[in-house]
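Numbering (the working numbering), first residue to last: 1350 to 2069.
Yeah, the Cβ is synthetic: ideal placement off N, Cα and C, and Gly gets one too.
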C-alpha cells in the first residue's frame, strides 16, 4: 500500500511539472523577453551582449507541505497541489525569464513526455523533481522561432569591391590590389621612395576599387599620353625632364599594371616639384626665409588630373599662376629657342671718359643704353648721346658699389659689370628665380605689396594692377632682409625706436665707451635696468632712425618698412645699407595709398598723414590686412616685356642653382629605402625622420617646415 501511494505521488508530481513548465499550454507560457541593451567595451573593442537578467520565481501562496513521513494516510495529490509541490525547487534557484513558444512546438515537445514509465519511478530519488525543474527552461529555444535556422546558415560573403568594374579592367585591378597587399614587394620598392608615399597612392587606388588610372581595358589612354607629354616638357617650367620617369605601356599585364602605378607616382612628384619646388628652402637659407612652400595633396593631384577634360592643362595648373612667373616662363622659352631674349648688352669699345675743364662731353651711341642700365630718368631727348656730368656721377656711384675704381671711366670692366651675366648664365638665373617663386603662396592677394630686393624697389598692387612704385633701401649683405609673406596690420605714426640688443652691444656701447656724449647728440636715451642691462631708445621726432612712419607686418624676423632721415641713400644704384628693414623713399605717399585701399571711405592724402606728425606715437589699424611679399627677383620682366637681370647682392642665385644641381643627382628609390632600413636597424627597429630629404621635409614633418609662431604685434625692439 505504501508503495502504491509513493508511485502516485511521483506520477502526480511529474505531471504537474510538465503542465507548469514553459512547454505547457499557452496560458502558462511566460511573457516575451524584452530586448536586451548592447554595451560597448573600450577594452574588447566591440559590442558585448550582457547575460540574461536574472529574476527569481515567486513562491507559491500555499502553505509549506508537511514531510511525507508525518502524514499517516496521505490522500491522492490533486493537480494544483502538484504545482505547489514544484515550488520549493524553484524557490531555491534563480531562473531567467522563459520565452513563449508557438503552440505546435509546445505540443510536439509535450506529447512524448506525457507517459511516465513505471521503470523510471523507482530509479528517481525523492529530490529528482526539484533537481529537474531548471532543465525545462534550458530546453526552450530563443524567443524568435526562426533564430536557430538563421544562425545555422553560413554568413553571407562581403560584397566584392571589384564587382562594379568592367570585366576587361578587372584582371588589372586584381593585380594592382595584390601588388599593394604584398608587404615585401620589390616592384613597388623600385617605384616609391618612402612607405608614406606608397600608402598615399594605395589609398587613392583603393578608393576607386583598384581600377587602373591610365589604362582602359588594358590599353593606354589618351589622358596618359597627354600627361606624359606634359611631364616630358618639364624644361618649359625650368625643371629637368630627366628627373621624371614616364613609363612605357607595353608588354604583359604585370608590366602594364606596373606602368600604371609608376605614372601615378611620377605625376605626384612632378606636381609637387612644379608647385612647391624641388627642395626645401632651408638648403638655400636656414635663417632668412619663412615661406609656406606648400605641396599639393597627392590624392588631389591624381583626382584632378585623372578627371579633367584636359589632363595636361590640369597638371600645368599646379605651377605658380603669378604674372611674374608666367613672364619668366615665356622669356625662358625665347632664350632657349630662336627668340632674342635676355637683356640688351652694352657693346665694348672705346672707353667713355669724363670731360675735363671746358671740353665738351664725349658722345657715343652707347650712352642711352648706359642711362637705362643705371636707371637714370631722361628729362630731355632720350636719344641724347652725350656722356654728361650727371651720367658720370651715376657711373662713379655704381663703380663704388661693385668695388671698381670710382673714376667715372666706362671701360671694359665696368661694361662687363653693367651687362651682367652671359646669355647661358641668364638662363640659369631665370631658372633659379622660377624655383624661388614656387615657395610663395599660390594666391598673393587681391591687394598686396611686393618688394624686389635685388631691384631695391617696392610696388603696391590693387585688384591685380600696379598702382604705385617707390625706391627702398634693404639690408646690407651681413644683415640680409629676409624672404617672407605676411599681412600688414597697422601703421604707426611718430614711432619710437627701441634699439635692438645686437646694435646696442655691437655698435652703441663701444661708441659710448669712446665718447660718453655721442648717443645724446644722436637723440638717443640710455636707461640702465635693475638687472644691469642697458636699454637704448629714441623718442619720436624728425631725427628718429625710423623717421615719421613705420609700416608693421608682424613676423619672427622683427623687420618692417619705415621712413628714414637718411634720404641720400635713395640716390645710390645699389641700396643695401640697412640692418634688415626696408626704408621707403616716400612714406607719406605710401601711407596714403595703403589707407585708401584699407580705409577707402576716409579720403586719405599724403598731406593729411603729414599733419599727424608730432611727438605722440599713434597706431592706425588696417581693417583690410594687406599682404606684403618680400621677394628676391634677380631676373624679372618689366612693363615693356624686357628681361631685367639684377645684381645678386645676397648670393641667393648661387646657392639656389647649387641646390638644383645637387637635387638632379637622382637617388634611386630602392637606395633611399635601403638607407631608411639601415637607419632603422641601427636604432633598434625605430625609423627616424630624415632631415635632408625634400619629400620628408614636405610630407614627413622635416625641419625647416615647422610653422613659426608669429606675434600679433611686434615686440618693442626693432631693427632698421
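Residues near residue i by beta carbon distance below 6 Å, same chain, minus five either side
i            : result
residue 1796 : 1811, 1946, 1975
residue 1906 : 1831
residue 1737 : 1710
residue 1919 : 1820, 1934
residue 1552 : none
residue 1488 : Residue confidence is low: residue 1488 scores 48 on pLDDT, short of 50, so the model does not pin down where it sits. Its coordinate-derived value is still stated next. None.
residue 1620 : 1645, 1650, 1667
residue 1392 : Because the pLDDT at residue 1392 is just 40, under 50, the model does not fix this residue reliably, and the point stays unresolved.
residue 1586 : 1623, 1668
residue 1822 : 1918, 1924, 1926, 1927, 1932
Reference residue i; option with closest CA among the options
i            : options                : result
residue 1854 : 1841, 1845, 1875       : 1875
residue 1887 : 1901, 1503, 1846       : 1846
residue 1799 : 1576, 1549, 1808       : 1808
residue 1780 : 1678, 1594, 1574, 1651 : 1678
residue 1848 : 1842, 1839, 1841, 1858 : 1858
residue 1914 : 1609, 1892, 1835, 1732 : 1892
residue 1520 : 1601, 1967, 1805       : 1601
residue 1922 : 1938, 1681, 1896, 1725 : 1725
residue 1528 : 1581, 1895, 1603       : 1603
residue 1743 : 1791, 1720, 1660, 1760 : 1720
residue 1608 : 1663, 1545, 1556, 1536 : 1536
residue 1985 : 1898, 1674, 1856       : 1674
residue 1588 : 1746, 1652, 1700, 1776 : 1776
residue 1523 : 1554, 1548, 1659       : 1554
residue 1560 : 1605, 1585, 1584       : 1605
residue 1671 : 1980, 1942, 1793       : 1793
residue 1696 : 1713, 1686, 1703       : 1713
residue 1788 : 1981, 1739, 1755       : 1981
residue 1786 : 1841, 1826, 1640, 1881 : 1640
residue 1964 : 1926, 1843, 1526       : 1843
residue 1596 : 1583, 1584, 1569, 1582 : 1569
residue 1939 : 1531, 1656, 1953       : 1953
Residue i, buried or exposed, once every other Cβ within 10 Å from all chains shown has been counted against 16
i            : result
residue 1615 : buried
residue 1475 : Reliability fails at residue 1475, whose pLDDT of 45 lies under 50, so the model's placement of it is uncertain and the value that follows must be treated cautiously. By the 10 Å Cβ count, residue 1475 comes out exposed.
residue 2000 : exposed
residue 2081 : One cannot answer for residue 2081 here, as it falls past the ends of the chain, which runs 1350 to 2069.
residue 1860 : exposed
residue 1850 : exposed
residue 1637 : buried
residue 1752 : exposed
residue 1802 : buried
residue 1698 : exposed
residue 1503 : exposed
residue 1732 : exposed
residue 1748 : buried
residue 1871 : exposed
residue 1397 : For residue 1397, the pLDDT reaches just 46, beneath the cut-off of 50, and the residue's location in the model is therefore unreliable, although a value from the coordinates is still provided. Residue 1397 should be labelled exposed.
residue 2038 : Any answer about residue 2038 is weak, because its pLDDT of 37 lies below 50 and its placement is not dependable; what the coordinates show is given next. Answer is exposed; the Cβ neighbour count stays below 16.
residue 1411 : No answer about residue 1411 holds up, because its pLDDT of 47 lies below 50 and its placement is not dependable.
Reduced DSSP secondary structure (H/G/I, E/B, other) of residue i
i            : result
residue 1873 : coil
residue 1590 : helix
residue 1961 : coil
residue 1550 : helix
residue 1971 : strand
residue 1734 : coil
residue 1768 : helix
residue 1993 : strand
residue 1838 : strand
residue 1527 : helix
residue 1695 : coil
residue 1850 : helix
residue 1707 : coil
residue 1985 : strand
residue 1816 : strand
residue 1714 : coil
residue 2012 : helix
Closer than 8 Å to chain C by CB, residue i
i            : result
residue 1741 : The structure shown contains no chain C; it holds only a single protein chain.
Cutoff 8 Å; reference residue i; Cβ partners in own chain excluding five residues on either side
i            : result
residue 1565 : 1518
Beta-carbon proximity list for residue i, same chain, < 7 Å, skipping 5 on both sides
i            : result
residue 1877 : 1883
residue 1896 : 1911, 1912, 1913, 1914, 1936
Tell me the start and end of each unbroken alpha helix (DSSP H) in the stretch 1863-1945 that is at least 4 residues and wholly inside, in chain order.
-> 1867-1870
Note down, one range per segment and in chain order, each alpha helix (DSSP H) of at least 4 residues found wholly within the stretch 1579-1662.
-> 1602-1625, 1647-1656
Whole beta strand (DSSP E) elements within the stretch 1751-1810, 3-residue minimum | 1796-1801
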